[in-house]
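Here the structure comes first, spelled out in structure tokens, and everything after it is commentary.
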Amino acid sequence: MPTDDSGLPAESWRWTEQTWRGHLDAVRAGRRLVPDRWPGGARVAVALSFDSDHETIPLRDGETSPGRLAQGEYGARVGAPRILALLARYGVPATFFMPAVSALAHPEEARAYTRDGHELAVHGWIHERNMLLGRDDERELTARALDTLDTLTGRRPVGIRTPSWDFSDSTLDIMLELGFSYDSSLMADDEPYEIVADGRPTGLVEIPVDWIRDDAPYFTMDRYGSVRPHSRPRDVLEIWTDEFDAAYRDGGVFQLTLHPHVIGHRSRLVALRELLDHIAAHSDVWYATHAQLADAARAVLNNGVPAENNRSTARSVPDAPEQTP
1 MPTDDSGLPA ESWRWTEQTW RGHLDAVRAG RRLVPDRWPG GARVAVALSF DSDHETIPLR
61 DGETSPGRLA QGEYGARVGA PRILALLARY GVPATFFMPA VSALAHPEEA RAYTRDGHEL
121 AVHGWIHERN MLLGRDDERE LTARALDTLD TLTGRRPVGI RTPSWDFSDS TLDIMLELGF
181 SYDSSLMADD EPYEIVADGR PTGLVEIPVD WIRDDAPYFT MDRYGSVRPH SRPRDVLEIW
241 TDEFDAAYRD GGVFQLTLHP HVIGHRSRLV ALRELLDHIA AHSDVWYATH AQLADAARAV
301 LNNGVPAENN RSTARSVPDA PEQTP
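Under UniProt numbering, the residue at position 226 of the sequence shown is numbered 226, and the numbers go up by one with no gaps.
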């Protein structure tokens with residue numbers, strides 16, 4: 001009978017209940033961490049994030065042609081400055097998850113994020129596929145990335161988003177060992193929750209992502225593969241607007257994941273600007289970095305301390321600017 005690398009039967013229907021329950025329980029969603037009201041009495045929290053991958057996607061795969069690298073360079077050269085200008089006009093914070101190699105290639109960009117009041121968080125070393133790494137390699141790369149961002153900006157990141165949007169068998173232990181406050185890689189809820197490992201609460205806050213709220217599935221292009229952009233920016237705007245409206249009704253979180261080399265193009269940035277206009281039309285909205293959101297979520301975890309205590313780090317959404325780029 002064929003087996004997989006772990007020695008288990010290859011056919012999952014042959015697994016014992018202990019086996020399949022063990023896989024289910026290894027990393028699980030625990031308590032949902034949503035206060036009655038967000039800081040400042042807001043009804044909804046909005047957490048914008050940008051994965052500044054730039055050239056690391058082709059470099060990770062050993063692709064070094066100028067054409068492929070130029071697509072990533074666009075994110076640093078054009079996309080990121082446009083995004084920073086847009087955020088400044090609206091006066092809202094965001095979180096930038098940046099592979100360390102991207103930060104080393106574009107150090108002034110990394111420093112600009114923190115200088116402008118945004119959060120810089122870990123996104124691997126070279127956007128490696130952490131699911132394929134052994135524990136020692138994964139830990140070494142994560143620790144090196146953490147130290148690199150700290151050295152470049154003088155601010156030690158507290159959050160991480162795995163390059164694979166997934167956990168290996170070692171990922172959670174590495175995050176806890178390195179002292180991260182939150183993760184933003186998993187998809188078990190719309191709202192923040194505590195990660196539970198083998199039935200035990202870890203204290204690590206998860207700020208969940210989803211492909212629905214990510215620009216890459218809608219707009220990615222691979223000339224030599226089957227991946228093609230299949231969505232009009234305004235169609236995607238409608239999806240994201242509906243996502244925000246539902247989060248607003250629920251009193252929850254609207255979390256969005258974007259990429260400077262993807263969303264930074266002119267027609268797509270129009271969609272993002274119109275989304276920000278729509279959100280700004282609501283007065284009781286709290287814009288937060290992922291770290292601020294994790295703090296508010298942890299306040300719920302820690303004996304129900306009101307999220308109002310985090311008001312000093314929060315920014316409510318201002319009125320939409322009269323002119324936007």
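Just so you know, even glycine gets a beta-carbon here, dropped at the ideal spot from N, CA and C.
CB of residue i within 8 Å of CB of residue j, strictly
i, j, result
"T95", "H118", "yes"
"L33", "E55", "no"
"M131", "S170", "no"
"residue 400", "T220", "No statement about residue 400 is possible, as the shown extent of the chain runs from 1 to 325 and does not include it."
"A294", "V205", "yes"
"P233", "V270", "yes"
"L172", "V27", "yes"
"H278", "Y248", "no"
"D284", "A42", "yes"
"P208", "M187", "yes"
"P260", "F50", "yes"
"G67", "G264", "no"
"A45", "V253", "yes"
"A297", "A47", "no"
"A88", "L149", "no"
"P58", "G72", "yes"
"A29", "Y182", "no"
For residue j and residue i, believed in contact at Cβ under 8 Å, the rounded distance
i, j, result
"S52", "S102", "5 Å"
"R139", "I174", "5 Å"
"L176", "T202", "6 Å"
Buried versus exposed, by CB contacts within 10 Å (16 or more), residue i
i, result
"W38", "buried"
"A18", "Note that residue 18 is Gln in the sequence shown here, rather than Ala. Flag for Q18 reads exposed."
"R156", "exposed"
"L24", "exposed"
"W286", "buried"
"R31", "exposed"
"V227", "exposed"
"T64", "exposed"
"P229", "exposed"
"T151", "exposed"
"G199", "exposed"
"A291", "buried"
"R144", "exposed"
Coil, strand or helix - residue i by DSSP
i, result
"P201", "strand"
"I160", "strand"
"E206", "strand"
"L186", "coil"
"Y193", "strand"
"G67", "helix"
"E140", "helix"
*asked:* Check whether the region 151-164 and the region 120-130 touch, using three or more Cβ-Cβ pairs below 8 Å as the test.
replied: In this structure the region 151-164 lies against the region 120-130, because at least three pairs of beta carbons, one per stretch, are closer than 8 Å.
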